[in-house]
Amino acid sequence: MSVELREKKRFKTRSEAGTLAMGERVAEMLLPVPKMFVLRGDLGAGKTTLVKGIAAALGAAEMEDVTSPTFTLLHEYKGKKVRLFHLDLYRLETERELMTLGLEEMAEEPDALILVEWGEKFPSVVERADGEILIEHAGGDERMFYVRVKG
């Protein structure tokens with residue numbers, strides 16, 4: 003099954019600070035809400051760092067307040083216009099486990115922006131997502147970001 007892309011952008015950062023700053027540019031592409039995006043990339047690629055920048059750009063949280071939800075599975079940040087749900091599905095194995103998170107209910111919130119790390123593990127998440135952000139190591143602290151929005 004092929005997914006038609008409405009928009010595809012490529013960005014490169016050279017540092018963690020660059021990734022944080024890029025969150026503002028990417029945040030604009032994720033609006034208007036409600037939307038769900040899968041964040042793809044190896045461990046340590048910068049997924050949570052990007053979410054820190056996006057959350058700050060949208061006024062949902064201060065950068066230092068955003069942490070990885072690896073063990074809690076879900077963090078929620080509430081801004082004036084956007085409710086940011088940051089999920090990490092790395093430790094989940096089955097669709098049944100996924101269902102217990104309440105993803106369907108989150109997606110129904112009119113102000114929801116759902117960013118899902120390791121969402122590619124679940125076909126139901128990929129199918130429902132409005133797009134994805136792929137992060138690849140490009141040597142040293144450099145990262146390549148590919149933002150794909152479904153049409």
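Residues in the sequence shown are numbered consecutively from 3, following our numbering.
The beta carbon of each residue, even a glycine, is placed where N, CA and C say it ideally should be.
All of these numbers come straight from a predicted model, not from anything done at the bench.
- If you ignore the 5 residues before and after Lys11, its C-beta comes within less than 7 Å of the C-beta of Met31, Val149, all in its own chain and listed in chain order.
- Lys49 and Leu22 have their alpha carbons spaced roughly 10 Å apart.
- For the pair Ile116 and Leu89, the Cα-to-Cα distance works out to about 8 Å.
- Three or more beta-carbon pairs drawn from the region 113-128 and the region 32-42 are found closer than 8 Å, and the two stretches are therefore classed as touching.
- Val127 sits in a helix when the DSSP states are folded into three classes.
- Assignment of beta-bridge partners to Met101 by DSSP yields no partner.
- With fewer than 16 other Cβ atoms inside 10 Å of its own Cβ, Asp67 counts as exposed.
- Residue ranges of uninterrupted alpha helix (DSSP H) with 4 or more members, entirely inside the region 25-77 and ordered along the chain, are 49-59.
- In the structure shown, Gly133 falls within a strand segment according to DSSP collapsed to helix, strand and coil.
- Between Ala59 and Gly25, the CB-CB gap stays under 8 Å.
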